[in-house]
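Counting along the sequence shown from 1, when you hit position 264 you're at 1052 in the numbering used here, and nothing is skipped either side.
First up is the structure itself, then whatever we jot down about it.
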Amino acid sequence: MTDTLTDKQKFPLKLSEPCPMVRMAGVRKCYGDLVVLDDLDLDIAANETVSIIGPSGSGKTTVLRVLMTLEEINGGVVYVDGEPLTHMDKNGQLVPASTKHQRKQRSNIGMVFQHFNLFPHMSALENCMEAPVQVLGLSKAEAKDRAEGLLDMVGLADKMGEHPLRLSGGQQQRVAIARALAMRPKVMLFDEVTSALDPEVIGEVLSVIRKLSEEFSLTMVMVTHQMGFAREISDRVCFFDNGSIAEMGEPEQIFTEPQNPRTQQFLSAVLEAG
């Protein structure tokens, strides 16, 4: 990570400006000579739903992995709710964050992965209880009440005692969503959550995400190949190409009147294939 920050990368913002829930300021991620994120600037407001679309290898999932601190950045700063995630304050200067600092800040973020990542030896209920007990320090009774409410919300009240292998892919993904929500995050990240599912169960997962958007005060960032869903649910759509945002705007503008030739080419290919 770099220790030299530009004025644009420093926080907090002026008091007259609204504070974004997520700020990625000049974020750079490289693997050797391969630049995956190229000085990325992206602000996401509280309660905003942003969909990230683009071809494979464009840096979409890396954005989520950086936000979840699963990837260390090579430059820039990431902030969540006005506090640095990738850095921390030391004697009035921002320095690369310690593991302890990142763990604390990461508690504001929930992520739902493409392949569920449930604990196979635990029931759906136990999967949703584990982190609130171990990380948040909730009592088992409190965690159980919270988990039961969330599993009921995602339509799995009758599956709480089942282990993942006895659940369908769509049911497992809904457990994964409930598990992430059990941590009461401010930001929810979704990484291609329907790509591992059979077509007939994709709708049930998208329905749950739609419900979250309508009923919870969550900031949501979704990497998705479901163009119709992105158009319906998003406040803003970002088209990524070669590690940068090639075009960004409201869904109707992106999907009906894209301005960038790469966006036009990508959407033409994807929508024709669909």
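Ideal Cβ placement from N, Cα and C applies to all residues, glycine included.
So, residue 822 versus residue 851, is the Cβ gap smaller than 8 Å? The answer is no: Cβ separation not under 8 Å.
Whole beta strand (DSSP E) runs in the segment 930-1004 with 3 or more residues, listed along the chain? Within the segment 930-1004, the complete beta strand (DSSP E) runs of at least 3 residues are 975-979.
Alpha-carbon spacing of residue 962 relative to residue 993, whole angstroms: Computed Cα separation, rounded: 6 Å.
Per DSSP, cross-strand counterpart(s) of residue 813: According to DSSP, which records beta bridges pairwise, residue 813 is partnered with 865.
Answer with buried or exposed for residue 1003, where buried requires no fewer than 16 other C-beta atoms within 10 angstroms of its C-beta. Around the beta carbon of residue 1003, a 10 Å sphere encloses fewer than 16 other beta carbons of the protein chains shown; the residue is thus reported as exposed.
Take the Cβ of residue 973 as the centre, count every other Cβ of all protein chains shown within 10 Å, and call the residue buried at 16 or more, exposed below. Taking all protein chains in view, the Cβ of residue 973 is crowded by 16 or more other Cβ atoms within 10 Å, so the residue is classified as buried.
In terms of residue numbering, what span does the beta strand (DSSP E) encompassing residue 1035 cover? 1032-1037 is the span of the beta strand (DSSP E), which, as asked, contains residue 1035.
Residue 1056 by DSSP, collapsed to three states: which one? Residue 1056 carries a helical assignment under DSSP once its states are collapsed to helix, strand and coil.
Residues bridged to residue 839 [DSSP beta-bridge criterion]: 1010 and 1025, per the DSSP bridge assignment.
Over what stretch of residues does the beta strand (DSSP E) that includes residue 884 continue unbroken? From DSSP, the beta strand (DSSP E) with residue 884 extends over 881-884.
Those residues which DSSP pairs with residue 876 across a bridge: Paired residue(s): 883.
Return the residue from the list 980, 831, 1033 and 953 that minimises the CA-CA distance to residue 910. Proximity to residue 910 across 980, 831, 1033 and 953 peaks at 953, based on C-alpha coordinates.
At least three beta-carbon pairs within less than 8 Å, the segment 856-871 to the segment 1021-1038: The segment 856-871 makes no contact with the segment 1021-1038; the number of CB pairs closer than 8 Å stays below 3.
Can you give me the C-alpha to C-alpha distance between residue 843 and residue 1018, rounded to a whole angstrom? If I take the Cα positions, the gap works out to 15 Å.
If you reduce the DSSP assignment to three classes, tell me which class residue 807 lands in. Residue 807 falls in the coil class under three-state DSSP.
Mapping DSSP to helix, strand and coil, what is residue 871? In the structure shown, residue 871 sits in a strand (DSSP, three-state: E or B).
Measure from the alpha carbon of residue 894 to the alpha carbon of each residue in 882, 872, 903 and 914, then state which is nearest. Residue 894 has its Cα closest to that of 872, out of 882, 872, 903 and 914.
Return the bridge partner residues of residue 818 from the DSSP annotation. 823, per the DSSP bridge assignment.
Can the beta-carbon of residue 1011 be found closer than 8 Å to that of residue 840? Contact flag set, yes.
Taking the alpha helix (DSSP H) that residue 851 falls in, what are its first and last residues? Element bounds for residue 851: 848-855.
Round the Cβ separation of residue 816 and residue 863 to the nearest angstrom and send it over; I've been treating them as touching at under 8 Å. Yes, they are in contact, since the Cβ atoms of residue 816 and residue 863 sit about 4 Å apart, within 8 Å.
CB contact check: residue 812 to chain B, cutoff 8 Å: Protein chains in the displayed structure number just one, and chain B is not present.
Which one or two residues does DSSP pair with residue 831 in a beta bridge? According to DSSP, which records beta bridges pairwise, residue 831 is partnered with 811.
Give me the Cα-Cα distance between residue 1056 and residue 951, rounded to the nearest whole angstrom. Counting only the Cα atoms, residue 951 lies some 41 Å from residue 1056.
How about residue 897 and residue 941: do their beta carbons lie closer than 8 Å? 8 Å or more divides the Cβ of residue 897 from the Cβ of residue 941.
How would you call residue 925, buried or exposed, if buried means at least 16 neighbouring beta carbons within 10 angstroms? When all chains shown are included, residue 925 counts as exposed.
Considering only the alpha carbon of each residue, which of 943, 980 and 946 lies closest to residue 903? Of 943, 980 and 946, the residue nearest in Cα terms is 980.
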